[in-house]
Each structure stands twice: as structure tokens, then as C-alpha cells.
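Chains as they are written, first to last, in my numbering: chain A, 1 to 71; chain B, 72 to 612. Note that CB positions come from ideal geometry on N, CA and C, so glycine has one too. Given the structure is predicted, the values throughout are model-derived calculations rather than measurements.
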Amino acid sequence: MITTPNLTDPDGFFAALMALHEGLSDAESRRLDARLVLLLANQIGDPAVLADVLAAARRASAAPELAPGAG
Amino acid sequence: MSAEPLVYASQTARRARRTYAFLAAPDAERNGLRRVPVVIAGGGPCGLAMALDLARYGVECVVLERANCLSDGSRAICWAKRSLEFLDRLGAAAGLVARGVTWNVGKVFLGSAPEPIYTFDLLPEKDQKFPAFINLQQYYLEEALVERLAAEACVELRWQHAVKAVRQDAAGVTVDIGTPLGDYTLACDYLIAADGCRSTVRSLLGLDFAGRSFNDNFLIADIRMKAPFPAERRFWFDPPFNRGRTALMHRQPDDLWRLDFQLGPTVDRRAALEPAAVAAKVHGMLGAEIPFEYEWVSIYDFQCRRMERFVHGRVLFVGDAAHLVSPFGARGANGGLQDVDNLGWKLARVLAGRSPPALLDSYDVERCRAADENILNSARATDFMTAATPAAQAYRDAVLELARDFEFARPLVNSGRLSRPAVLDDSPLSTPEASTFEHAMRPGAPCVDAPLGSGWLLEKLGGRFVALHFAADDAAQRQVPAGVELVVVRPADDREGLAARRYDAAPGTTYLVRPDQHVCARWRAFDPHALDAAVKRATVH
Numbered sequence: 001m002i003t004t005p006n007l008t009d010p011d012g013f014f015a016a017l018m019a020l021h022e023g024l025s026d027a028e029s030r031r032l033d034a035r036l037v038l039l040l041a042n043q044i045g046d047p048a049v050l051a052d053v054l055a056a057a058r059r060a061s062a063a064p065e066l067a068p069g070a071g
Numbered sequence: 072m073s074a075e076p077l078v079y080a081s082q083t084a085r086r087a088r089r090t091y092a093f094l095a096a097p098d099a100e101r102n103g104l105r106r107v108p109v110v111i112a113g114g115g116p117c118g119l120a121m122a123l124d125l126a127r128y129g130v131e132c133v134v135l136e137r138a139n140c141l142s143d144g145s146r147a148i149c150w151a152k153r154s155l156e157f158l159d160r161l162g163a164a165a166g167l168v169a170r171g172v173t174w175n176v177g178k179v180f181l182g183s184a185p186e187p188i189y190t191f192d193l194l195p196e197k198d199q200k201f202p203a204f205i206n207l208q209q210y211y212l213e214e215a216l217v218e219r220l221a222a223e224a225c226v227e228l229r230w231q232h233a234v235k236a237v238r239q240d241a242a243g244v245t246v247d248i249g250t251p252l253g254d255y256t257l258a259c260d261y262l263i264a265a266d267g268c269r270s271t272v273r274s275l276l277g278l279d280f281a282g283r284s285f286n287d288n289f290l291i292a293d294i295r296m297k298a299p300f301p302a303e304r305r306f307w308f309d310p311p312f313n314r315g316r317t318a319l320m321h322r323q324p325d326d327l328w329r330l331d332f333q334l335g336p337t338v339d340r341r342a343a344l345e346p347a348a349v350a351a352k353v354h355g356m357l358g359a360e361i362p363f364e365y366e367w368v369s370i371y372d373f374q375c376r377r378m379e380r381f382v383h384g385r386v387l388f389v390g391d392a393a394h395l396v397s398p399f400g401a402r403g404a405n406g407g408l409q410d411v412d413n414l415g416w417k418l419a420r421v422l423a424g425r426s427p428p429a430l431l432d433s434y435d436v437e438r439c440r441a442a443d444e445n446i447l448n449s450a451r452a453t454d455f456m457t458a459a460t461p462a463a464q465a466y467r468d469a470v471l472e473l474a475r476d477f478e479f480a481r482p483l484v485n486s487g488r489l490s491r492p493a494v495l496d497d498s499p500l501s502t503p504e505a506s507t508f509e510h511a512m513r514p515g516a517p518c519v520d521a522p523l524g525s526g527w528l529l530e531k532l533g534g535r536f537v538a539l540h541f542a543a544d545d546a547a548q549r550q551v552p553a554g555v556e557l558v559v560v561r562p563a564d565d566r567e568g569l570a571a572r573r574y575d576a577a578p579g580t581t582y583l584v585r586p587d588q589h590v591c592a593r594w595r596a597f598d599p600h601a602l603d604a605a606v607k608r609a610t611v612h
């Protein structure tokens with residue numbers, strides 16, 4: 001699993017992701033995210049990397065909330 | 072199939088099942104205690120096959136069946152290649168295949184699209200004696216086994232004899248039996264519980280049956296109609312006639328069709344079984360004008376459960392009594408027949424004093440693992456369809472949406488992973504391999520078939536330990552250890568080289584094959600001492 005920056009344009013990617021969800025209901029957004037996860041998972045393929053990614057995603061959500069106004 | 076049938080929607084098209092005469096136990100048994108080597112509780116597919124298998128080894132047994140007729144209702148219909156291979160060894164497969172509907176292909180449809188999004192061939196390796204599946208009503212299979220049993224002098228099949236109490240100690244088991252003419256008692260060395268998912272024997276012994284239920288309901292309709300659909304498994308996600316849910320269609324003999332409609336977690340069962348409600352679904356699937364009659368309609372929910380152990384002293388559990396799966400994947404009856412195949416030769420050896428009772432522990436280890444595999448596969452399929460949480464629904468729908476356009480998503484569509492025989496990895500009976508082979512036919516794997524001479528390779532295996540030796544046409548005869556039979560495969564018989572290819576074999580390659588047609592060990596060169604050691608290990612000597 002790559003944990004160092006690997007996106008050439010982080011802000012641009014984030015904005016594209018937000019634009020993707022524009023005007024969608026919660027349910028539609030959820031399905032879109034699911035399609036995205038499946039497409040990306042297929043790009044990775046390697047089961048060991050996928051297992052690491054799943055575990056890391058779960059760990060991150062267990063971390064404390066970001067403090068308001070941080071940064 | 073598991074779970075609770077509720078109501079017949081109609082009885083008009085149902086054909087009467089064959090019934091069998093009650094015969095009282097002989098006076099001698101009712102007055103005194105008779106001891107037989109094996110008593111089998113339950114006359115379903117597993118109990119009947121168990122008796123036939125034990126008869127092949129000359130083991131005397133009594134089968135107790137509480138009913139006086141074959142199974143009724145919407146039961147198992149899909150019989151897998153591995154089951155047919157086992158039934159062939161029991162002398163029962165040819166008639167079943169002739170009567171059944173042969174199929175190899177499954178198709179998955181999405182929405183109203185007329186073309187499937189996903190098609191799978193369950194027999195990718197052709198040139199085998201049996202197809203991937205036949206569809207045949209369970210009562211026909213039972214009928215064929217009952218007929219075969221009539222020719223076996225060492226088996227008694229007793230209709231309307233019900234187990235009422237079971238006691239066991241280190242020396243044996245006693246079974247109290249109720250009949251229309253009063254009770255009697257039989258003693259036996261081993262009791263085999265093949266008495267189904269509501270096993271009386273399991274209840275009497277107070278044993279566990281842990282697992283889970285799925286929060287969903289399925290309407291199963293067996294209908295009679297003349298229809299042109301091909302012999303293939305058809306599965307729908309979100310079809311127009313059952314929006315947001317699934318449906319399944321299987322062809323059976325006698326113009327009978329198995330239709331299955333997912334109903335969802337909350338359903339008014341009585342309303343869903345109203346003839347008009349059922350007819351709306353059937354006509355939606357098949358077209359408004361098609362005439363049909365009902366054979367059986369009921370609503371099921373599904374469970375996956377298994378006993379913690381299948382061997383309890385001298386009481387041995389097989390089939391649904393030991394483990395229960397949801398039906399998507401046809402892993403119930405097919406898994407049960409693999410239990411029977413696994414247990415028969417071991418029990419026969421123990422009863423003959425040729426192996427210690429510890430050999431039966433391997434039945435427990437091997438088949439508990441196989442049951443876990445079946446439960447895992449059928450639970451995953453049912454979870455995919457049922458999608459119990461909002462996240463699960465989103466991912467299921469995402470998979471289906473992507474599967475329309477992208478090939479990569481199609482293997483994620485889970486309409487049931489159909490029964491395949493378990494690979495008995497890490498079996499205590501296998502000898503770990505020292506040579507380099509391709510992975511597929513490793514120790515523990517079920518033997519794969521191939522053409523051989525004018526017949527089939529699997530016809531040469533099974534029923535005893537076999538040294539399967541691949542040799543050049545002019546190779547010298549080999550001497551095998553006692554208790555092993557030599558089967559030599561020569562290029563002259565393996566004309567297209569399929570057997571050699573499927574077994575990754577070159578001249579000299581030798582497999583030790585168990586009586587249940589699982590690979591026990593394999594070597595690159597013939598070595599009688601290694602063979603002998605592997606047989607001793609496999610028979611717990």
C-alpha cells in the first residue's frame with residue numbers, strides 16, 4: 001500500500017470528486033461511491049494491497065474527529 | 072432445501088408419490104435385542120446412499136424411515152457432477168442422468184435486458200463422463216436408490232419406523248424405535264443420523280446446531296407447463312416482474328419448472344401465497360398467455376447452521392442433520408452425498424477391524440471443513456441478494472450497474488456459487504508432496520475425470536485404494552503393496568493425453584487415490600515403499 005503522496009494534483013482530484021457528487025441524493029451518492037470503490041479496487045487487483053487498504057480505511061474512521069477550525 | 076413450507080397453493084397437478092408397505096420388525100427382534108453393525112436413521116438421499124455405499128463393503132445395516140413414502144414438496148433438484156460420479160459407483164447414476172435434465176450453463180440477467188450480463192459454464196473441462204449438473208426431483212433420486220437397495224441382501228429398509236430414544240456407551244448404541252405395531256429396540260455398533268435438518272437424533276442427544284438465519288423470504292413455485300426455454304439456470308436481478316428483488320428458474324423433467332421469487336424481509340405470507348398473487352409473478356416471468364398448473368408453492372426463509380462436530384462417540388451425523396445451507400449453490404444435498412462418500416469406506420474399515428476408530432476422526436475434520444466452505448459460499452450468495460444494510464444494498468446495486476458495462480464487475484455478481492467438491496487440504500490422511508506438481512490435483516483434491524480407453528478414468532477408481540500409475544506403453548509391470556490395486560494409464564489408452572494433462576503426469580508419475588476418489592499422495596516416480604507408507608497414514612496404521 002502506498003502511504004506517501006501519489007496524486008499529481010491533490011486539489012484538482014478532490015474538486016473533481018466533489019463535482020462528481022453534485023446534485024445527487026444521499027442514496028445516489030452512496031451508490032456512486034460504491035461504483036468508484038469497485039472500479040478503483042479492480043485497478044489495484046493485488047489482494048494483499050486491497051487488504052491493507054481496507055484495514056487502513058477502517059482504522060482512519062476510528063481516529064478522533066478533527067478539531068473544528070484546525071489549520 | 073431448508074426451512075418451513077407453509078401452504079399448497081393447489082394440489083391439482085400433484086402426482087401421488089410412491090408409497091411403501093409397513094413391515095413389522097421380526098418377532099425375534101421385538102422379543103430380544105438384535106445387534107446389527109449399523110443403523111441409519113432417515114431414508115432421504117443421504118440415508119439411502121449411505122446404506123448402498125456400506126452394502127458395497129458388505130456392511131449389514133438397517134435403515135429406519137418414519138414416513139411411508141418418498142420425499143414430497145419442493146426439495147433438492149440440482150445434482151452436481153461429483154454426486155453423479157459417486158452415484159455411478161453405487162450403480163445408480165445412468166438411470167438418473169437418462170431421466171434428468173442435463174445442464175452446464177448458468178445465465179444472470181439484469182432488469183428487463185433480454186441478454187444476460189453474465190454467463191458461466193460450470194464444466195470448463197469437457198470430455199468427462201458426467202455433466203456439471205442434472206436437474207431431477209429428489210423423489211426420483213430416492214426412488215432409484217430404494218430400487219437399488221432391494222437388490223442388496225445386507226440392507227433392510229424399514230418404512231414407518233421412527234427413532235424414539237438413543238443411548239450409547241463405549242460398547243455400542245441402542246435405539247428405541249416406534250412403529251404402528253408398537254415399539255422395539257435395536258442395538259448397533261454405530262448409528263448414522265441422516266434424519267435431516269430437524270434431526271430427531273440430534274435433538275434426542277441434546278446437541279447444538281448453531282448458525283444464522285437470513286432476514287428474507289422466498290416464494291418457491293414448482294409449476295407444470297410446456298415451455299421452450301433451454302436447459303440452463305436462469306437468474307434475474309431486479310427483473311420487471313419482481314422489481315428490486317431476484318428470481319430464479321430451473322427446468323426439471325416432466326415439464327416441471329422450479330421458479331423462485333425473492334419477496335424481501337417483511338412479507339404477509341398468507342397474502343403472498345394467494346393464487347392471484349402467485350399467478351401475477353409467474354405470468355410476469357413467463358408471459359401472460361402461458362398456461363400452467365401448480366405442483367407445489369410455498370414460502371421459505373433460509374438458514375446456515377452446522378453442528379460443532381459430526382462424530383459423537385458412536386453416533387455419526389451426515390447431510391442436513393449435520394449442516395444446513397441456503398439453497399443458492401445447490402450445496403445441501405450435494406454436500407450431504409460427499410459426507411456419505413467420505414464416511415462409508417472409513418466406517419467399513421473400522422467395523423472390519425482394519426483401521427482403528429480414530430480413522431473416523433478424519434471424517435469429522437474433513438467434512439466439518441467442507442461444510443464450512445459450503446456455508447461460506449451459500450451465505451455469501453444469500454447476503455449478496457438479501458443486502459441487509461444500506462451499505463450492502465449500495466454495493467450490490469453498484470456491482471450490478473457496473474456489470475452491465477464492464478467485464479471486471481461480472482464475477483462480483485453472486486447469484487450462487489454452484490456446488491463443487493471440497494478439496495481436503497491439510498487432511499490428516501494425506502501425505503504432503505515432495506515433488507513439484509501443478510497445484511490442481513494436490514493431495515486432498517477430488518479426482519477429475521478424463522476419457523480412458525473406451526470408458527472413463529473415474530470408472531477405474533473408487534471403492535478401494537488405487538495406485539494410479541502413468542507409464543510408457545512398454546513399461547514393466549509394477550508390484551504394489553497389499554491393500555492397494557494398481558491402475559496403469561498408458562498413452563495407448565489416454566489417446567488425447569487428457570488424463571496425463573489433467574493430472575500433470577509424465578511416465579512414472581504415481582497417485583495414491585482413496586476409496587472416495589480423493590488424491591491421497593503423489594510422486595514423480597513409482598516407489599512401493601512410499602506408497603505403503605502413504606496407505607498406512609491414510610488408514611491410521
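message = Run through chain B and tell me which residues come within less than 7 Å of A48(A), C-beta to C-beta.
response = What A48(A) touches in chain B: nothing, since even the nearest Cβ is about 19 Å away.
task = Could you tell me whether any Cβ in chain B is nearer than 8 Å to the Cβ of R59(A)?
result = no
message = Just to check my reading of the structure: A392(B) and A592(B) have Cβ atoms closer than 8 Å, yes? What is that Cβ distance to the nearest angstrom?
response = So it is not a contact: roughly 32 Å between Cβ atoms.
request  = Within the segment 226-289 of chain B, note down every full beta strand (DSSP E) run reaching 3 residues or more, in order along the chain.
outcome  = 226-230, 233-240, 243-250, 253-264 and 281-284
task = Assess, as a yes-or-no matter, whether the segment 286-302 of chain B is touched by the segment 360-371 of chain B under the definition of 3 or more beta carbon pairs within less than 8 Å.
result = yes
inquiry  = Any beta carbon of chain A sitting closer than 8 Å to that of V470(B)?
reply    = yes
request  = Buried or exposed for E22(A), please, with buried defined as at least 16 other CB atoms from any protein chain shown within 10 angstroms of its CB.
outcome  = exposed
ask   = Roughly how many whole angstroms lie between the Cα atoms of P599(B) and H612(B)?
value = 17 Å
task = Report yes or no: do the segment 404-411 of chain B and the segment 114-121 of chain B share at least 3 C-beta pairs separated by less than 8 Å?
result = yes
key: Sufficient close CB pairs (3 or more, under 8 Å) joining the segment 480-493 of chain B to the segment 181-193 of chain B   = yes
ask   = alpha helix (DSSP H) containing C117(B): first to last residue?
value = P116 to R127
ask   = Any beta-carbon of chain A closer than 8 Å to the one on F308(B)?
value = no
inquiry  = So P324(B) and V172(B) are supposed to be a Cβ contact under 8 Å. How far apart are they, rounded?
reply    = 6 Å
message = Taking the alpha-carbon of E28(A) as reference, which of R585(B), D565(B), L135(B) and Q464(B) has the nearest alpha-carbon?
response = Q464(B)
task = Can you pull the chain B residues whose beta carbon is under 7 Å from the beta carbon of M42(A), in chain order?
result = In the sequence under discussion, the amino acid at residue 42(A) is Asn, which differs from the Met named in the question. Residues of chain B passing the Cβ test: F479.
key: Reduced DSSP secondary structure (H/G/I, E/B, other) of L54(A)   = helix
key: 3-residue-minimum beta strand (DSSP E) runs that sit fully inside the segment 355-380 of chain B, ordered along the chain   = 364-371 and 374-377
C-beta contact flag for I263(B) and T256(B) at 8 Å = no
ask   = Ordered along the chain, which non-local residues of its own chain (more than five positions away) have a Cβ less than 6 Å from that of G355(B)?
value = F312
query = Which chain B residues are close to A34(A), counting only those with a beta carbon under 7 Å from its beta carbon?
reply = A465, Y466 and A469
query = Should the segment 339-346 of chain B be regarded as contacting the segment 212-220 of chain B, the criterion being three or more beta carbon pairs within less than 8 Å?
reply = no
message = Below 8 Å on the Cβ atoms is my contact criterion, and I expect V237(B) with L276(B) to pass it. Report the Cβ-Cβ distance as a whole number of Å.
response = 6 Å
ask   = For E567(B), does the three-state DSSP call read helix, strand or coil?
value = coil
key: the segment 567-587 of chain B in contact with the segment 534-550 of chain B per 3-pair CB rule at 8 Å   = yes
task = Decide if G253(B) is buried, meaning its Cβ has at least 16 other Cβ atoms within 10 Å, or exposed.
result = exposed
inquiry  = Quick check on N139(B): does DSSP put it in helix, strand or coil?
reply    = coil
ask   = When the cut-off is 8 Å and only beta carbons count, does L20(A) lie next to chain B?
value = no
task = Starting from the beta carbon of L17(A), find every residue of chain B whose beta carbon is closer than 8 Å, and list them in chain order.
result = Those within 8 Å of L17(A) in chain B number zero; the least Cβ separation is about 16 Å.
query = DSSP beta-bridge partners for K178(B)?
reply = T190(B) and R305(B)
task = With DSSP collapsed to three states, give me the class of F541(B).
result = strand
key: Length of the line joining the Cα atoms of R561(B) and K531(B)   = 13 Å
key: 6 Å CB neighbourhood of R402(B) in its chain, flanking five on each side removed   = V396, N445, S449 and S490
ask   = Rounded C-beta distance between V494(B) and G526(B)? I'm assuming under 8 Å.
value = Contact flag wrong, Cβ pair sits at about 25 Å.
query = Does the ligand NAP have even one heavy atom less than 7 Å from the beta-carbon of A215(B)?
reply = The ligand NAP is absent from the structure shown, which contains no ligand whatsoever.
query = Under a Cβ-count criterion, where at least 16 other Cβ atoms within 10 Å of its own Cβ denotes burial, should T3(A) be classed as buried or exposed?
reply = exposed
query = Buried or exposed: which applies to V49(A), given that a residue is buried once 16 or more other Cβ atoms fall within 10 Å of its Cβ?
reply = exposed
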